[in-house]
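Asker: The following block contains the structure, expressed as structure tokens.
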Amino acid sequence: MTGRRHSSFSSTSPRSQDSVRKKATNRVRTALLNAGALVAVGSLATACGVVPGTTGSSGNGTVTVMTWAPDKTSATNKPGMPAMARAYARYVNAHGGIAGHKLNVLTCNEHNDFVGAARCARTAVKDKAVAVVGSYSQYASSSLSPLESAGIPYIGGYGLTDDEFKSVLSYPVNGGQPALLAGLGEELGKSCGPVALVRPDTIAGDQLPLLLDAGLKAGGHADATDLLAPEDATALDQQAQEALQKAASNPQLKGCVVPSLDERTGTFMDSFRRLSDSYPAVRTASVLGSVDQSVIDASGGKSGPYEGAYVTSWYPEATDARWDPMKKVISEEAFGDNRIDPADAGVQTTWIAYAVLTKVIESLGNGDVTAQAIRSALDNGLKVDTGGLTPTLRWRFQDLTAVVDFPRLINSDVTLQVVHDGRLVGARKGFVNVGKTLENATSE
Numbered sequence: 003m004t005g006r007r008h009s010s011f012s013s014t015s016p017r018s019q020d021s022v023r024k025k026a027t028n029r030v031r032t033a034l035l036n037a038g039a040l041v042a043v044g045s046l047a048t049a050c051g052v053v054p055g056t057t058g059s060s061g062n063g064t065v066t067v068m069t070w071a072p073d074k075t076s077a078t079n080k081p082g083m084p085a086m087a088r089a090y091a092r093y094v095n096a097h098g099g100i101a102g103h104k105l106n107v108l109t110c111n112e113h114n115d116f117v118g119a120a121r122c123a124r125t126a127v128k129d130k131a132v133a134v135v136g137s138y139s140q141y142a143s144s145s146l147s148p149l150e151s152a153g154i155p156y157i158g159g160y161g162l163t164d165d166e167f168k169s170v171l172s173y174p175v176n177g178g179q180p181a182l183l184a185g186l187g188e189e190l191g192k193s194c195g196p197v198a199l200v201r202p203d204t205i206a207g208d209q210l211p212l213l214l215d216a217g218l219k220a221g222g223h224a225d226a227t228d229l230l231a232p233e234d235a236t237a238l239d240q241q242a243q244e245a246l247q248k249a250a251s252n253p254q255l256k257g258c259v260v261p262s263l264d265e266r267t268g269t270f271m272d273s274f275r276r277l278s279d280s281y282p283a284v285r286t287a288s289v290l291g292s293v294d295q296s297v298i299d300a301s302g303g304k305s306g307p308y309e310g311a312y313v314t315s316w317y318p319e320a321t322d323a324r325w326d327p328m329k330k331v332i333s334e335e336a337f338g339d340n341r342i343d344p345a346d347a348g349v350q351t352t353w354i355a356y357a358v359l360t361k362v363i364e365s366l367g368n369g370d371v372t373a374q375a376i377r378s379a380l381d382n383g384l385k386v387d388t389g390g391l392t393p394t395l396r397w398r399f400q401d402l403t404a405v406v407d408f409p410r411l412i413n414s415d416v417t418l419q420v421v422h423d424g425r426l427v428g429a430r431k432g433f434v435n436v437g438k439t440l441e442n443a444t445s446e
């Protein structure tokens, strides 16, 4: 996915019909066929240690990987992801490496543009990285092409773009934005009146209405109103006013406003709070990444606009004990580094992605750790137990979902959380699978 839209930011603006935004159906079919050709029958079961990668084993040499994310841009920034990757490397190297291998983590600022994304990928190729791990980019098409040419696997991307769920060299650990929006729509469809979605006016943002609507339809609800916002906005009064008007349009039913704007969600909520007194009360809801505990705290905690809001996530809430191994690494190797927030979905995804890498390296025994060896292990049925943070992960052809637009999606589970007394807590136990809802989401 490349480029950014340059259209008006109105709820009545038609979606662009540029060819770059058409779903690449032929590419999906080809990817599926190629994936099938790479897959062999069999599996390798692995056990999950307390902190992945710290159990002693034989082997030697250095394993070089890369993690990239945008930083110091006017739009979304994820500095905690490369910082978490570096902390992980320091920790495992201080405890004997991974199966005896020293871990060398390269990091790259992709600057939230397609040029930077491609540059990071080319650097990974030039510096002989055997994998790109736990990274974030809304320009995956620019970064995945160089990786595909070099045969370098992409493990545990953030799941922001549909390209991450199409490339046969991509090994996602979560259901990305598709699962989050579909899961949120399922929940809101049960209780909301009119729903207004406020999302970025970008290519990555263009898929969000389709996914939220698929979840709403599963609950017998009408489609949401789609409101576009500039990615680098400093004020969003117009969008907040339109969202409030739509959500409050039925006096018999309490409407819902869904801001899904990553770091600009706070900007929207500033406008929303100033204007909301002029309208009947509405509920808010969002997805992790746009809303986390720090955002809730900054907006007033239990007296703020998120109180009672539903938030979908890929993982258990940040206070869950299953995150303790990650917090141990942060405490020992990145104490005081305010870039690393253990409640941040990017940091959490990076932790899980490196757990996958660790299990792959351990599964190779005394063999060479190469890009090809990593792909072979993943394609041939390696199971990764993440300690309950996700379902057991496996990327065989038969593990892929039947979601046409996202054929590499293997984990369609989400968790439902709610803001209660200013804290983000689990709304129900366990995971909710939204695979069927995603299968019913059809491209335009």
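Okay, so the sequence shown: first residue is 3 according to the numbering used here, each after it adds one. All residues carry an ideal CB built from backbone N, CA and C; glycine is no exception.
May I ask you to list the residues that DSSP assigns as paired with GLY428?
Answerer: Locating residue 428 in the sequence shown gives position 426, counting from the first residue. Note: GLY428 sits in a beta bridge opposite GLN419.
Asker: Cutting at 6 angstroms between CB atoms, please list the residues of its own chain near LEU1, excluding the five before and the five after it.
Answerer: No answer is possible for residue 1: the residues shown for the chain start at 3 and end at 446.
Asker: For ALA245, report the span of its alpha helix (DSSP H) as first-last.
Answerer: Indexing the sequence shown from 1 puts residue 245 at position 243. ALA245 -> alpha helix (DSSP H) spans 239-249.
Asker: Going by Cα to Cα distance, which pick from SER147, GLY63, GLY185, VAL134 is closest to ASN413?
Answerer: For the purposes of this step, residue 413 is taken as the residue at position 411 of the sequence shown. Among SER147, GLY63, GLY185, VAL134, the Cα nearest to that of ASN413 belongs to GLY185.
Asker: Please return the same chain residues whose Cβ sits closer than 7 angstroms to the Cβ of THR32, not counting the five positions on each side in sequence.
Answerer: Residue 32 sits at position 30 when you count from the first residue of the sequence shown. Low local confidence applies: a pLDDT of 42 at THR32 is under 50, so the model's placement there is unreliable, with the coordinate-based value given in what follows. Taken in chain order, the list of residues that qualify is empty.
Asker: Just the Cα atoms here: how many angstroms apart are VAL52 and ALA323?
Answerer: As a first step, residue 52 must be located in the sequence shown, where it is residue number 50. As a first step, residue 323 must be located in the sequence shown, where it is residue number 321. With a pLDDT of 47 at VAL52, under the threshold of 50, the modelled position of that residue is not reliable, and the figure given next carries that caveat. Between VAL52 and ALA323, the C-alpha separation is close to 12 angstroms.
Asker: DSSP three-state label for ASP312, please.
Answerer: Counting from one through the sequence shown, the residue named residue 312 turns up at place 310. The question names Asp, but residue 312 in the sequence shown is Tyr. TYR312 falls in the strand class under three-state DSSP.
Asker: Return the residue from the list ALA71, ALA224, GLY102 that minimises the CA-CA distance to THR64.
Answerer: Counting from one through the sequence shown, the residue named residue 64 turns up at place 62. Minimum Cα distance to THR64 is reached at GLY102.
Asker: How is ASP228 classed by DSSP in three states: helix, strand or coil?
Answerer: Counted from its first residue, the sequence shown places residue 228 at position 226. Of the three classes helix, strand and coil, the one that applies to ASP228 here is strand, per DSSP.
Asker: Excluding the 5 residues flanking GLY390 on each side, which residues of the same chain have their C-beta closer than 6 angstroms to its C-beta?
Answerer: On the sequence shown, residue 390 is found 388 positions in, with the first residue counted as 1. The answer, listed in chain order, is ARG324.
Asker: Considering only DSSP beta bridges, list what ARG201 is partnered with.
Answerer: For this step, residue 201 is matched to residue 199 along the sequence shown. For ARG201, which the question treats as bridged, DSSP gives the partners LEU230.
Asker: Of all the options ALA245, ALA123, VAL427, TYR90, which has the alpha carbon lying nearest to the alpha carbon of GLU112?
Answerer: Taking the first residue of the sequence shown as 1, we reach residue 112 at position 110. Of the candidates ALA245, ALA123, VAL427, TYR90, the one whose C-alpha sits nearest the C-alpha of GLU112 is ALA123.
Asker: Under DSSP, the beta strand (DSSP E) around LEU70 begins and ends at which residues?
Answerer: Sequence index remark: in the sequence shown, residue 70 carries index 68 (1-based). Going by the sequence as given, residue 70 is Trp instead of Leu. Its beta strand (DSSP E) spans residues 64-71.
Asker: Which two residues bound the contiguous alpha helix (DSSP H) that contains VAL94?
Answerer: Translated into positions along the sequence shown, residue 94 becomes position 92. Note, VAL94: alpha helix (DSSP H), 82-96.
Asker: For PHE408, is the classification buried or exposed, using 16 other Cβ atoms within 10 angstroms of its Cβ as the cut-off for buried?
Answerer: In the sequence shown, residue 408 corresponds to position 406, counting from 1. Classification of PHE408: buried, given that the 10 Å Cβ count is 16 or more.
Asker: Identify whether ILE342 lies in helix, strand or coil by the three-state DSSP scheme.
Answerer: Start at 1 with the first residue of the sequence shown, and residue 342 comes out as number 340. Three-state result, ILE342: coil.
Asker: For ARG410, which option in MET83, ALA242, GLY178 has the closest C-alpha, if you only look at C-alpha atoms?
Answerer: The residue you call residue 410 lines up with position 408 of the sequence shown. Answer by Cα proximity: GLY178.
Asker: Which two residues bound the contiguous alpha helix (DSSP H) that contains THR269?
Answerer: Mapped onto the sequence shown, residue 269 falls at position 267. Where THR269 is concerned, the enclosing alpha helix (DSSP H) stretches over 267-277.
Asker: Which full runs of the alpha helix (DSSP H) of 4+ residues lie inside the segment 334-392, going along the chain?
Answerer: You should have 347-365, 373-381.
Asker: Grouping DSSP H, G and I as helix and E and B as strand, with all else coil, what is ARG285?
Answerer: What you label residue 285 is simply residue 283 of the sequence shown in a count that begins at 1. Strand, per DSSP.
Asker: Take every Cβ of the segment 341-355, pair it with every Cβ of the segment 147-159, and state whether three or more of those distances are shorter than 8 angstroms.
Answerer: Enough Cβ pairs lie closer than 8 angstroms, so yes.
Asker: Provide the residue span of the beta strand (DSSP E) that contains CYS110, from first to last.
Answerer: As a working mapping, residue 110 is identified with position 108 in the sequence shown. Segment 104-111, the beta strand (DSSP E) holding CYS110.
Asker: Go to VAL293, then tell me how far its beta strand (DSSP E) extends in each direction, as first and last residue.
Answerer: Here the question's residue 293 lines up with position 291 in the sequence shown. Element bounds for VAL293: n/a, residue is neither H nor E.
Asker: Who does VAL135 pair with in a DSSP beta bridge?
Answerer: Position 133 of the sequence shown, counted from the first residue, corresponds to residue 135. Paired residues: ILE157.
Asker: Would you check if the segment 235-252 and the segment 191-209 touch, i.e. whether three or more CB-CB distances between them fall below 8 angstroms?
Answerer: Verdict: yes, contact present.
Asker: Are there three or more Cβ pairs, one per stretch, closer than 8 angstroms when the segment 272-290 is compared with the segment 300-310?
Answerer: With the cut-off at 8 angstroms, the segment 272-290 and the segment 300-310 touch.
Asker: For THR236, count neighbouring Cβ atoms within 10 angstroms of its own Cβ and tell me buried if that reaches 16, exposed if not.
Answerer: Position 234 of the sequence shown, counting from 1, holds the residue named residue 236. By the 10 Å Cβ count, THR236 comes out exposed.
Asker: VAL260 lies in the beta strand (DSSP E); which residues open and close that run?
Answerer: Within the sequence shown, residue 260 is the residue found at index 258, counting from 1. Element bounds for VAL260: 258-261.
Asker: Measure the C-alpha to C-alpha separation of SER278 and ALA287 and round it to an integer number of angstroms.
Answerer: Residue 278 sits at position 276 when you count from the first residue of the sequence shown. Residue 287 sits at position 285 when you count from the first residue of the sequence shown. Roughly 15 angstroms between the two C-alpha positions.
Asker: What does DSSP give as the partner residues of VAL127 in its beta bridges?
Answerer: Taking the sequence shown and counting its residues from 1, one reaches residue 127 at position 125. In DSSP, VAL127 forms no bridge with anything.
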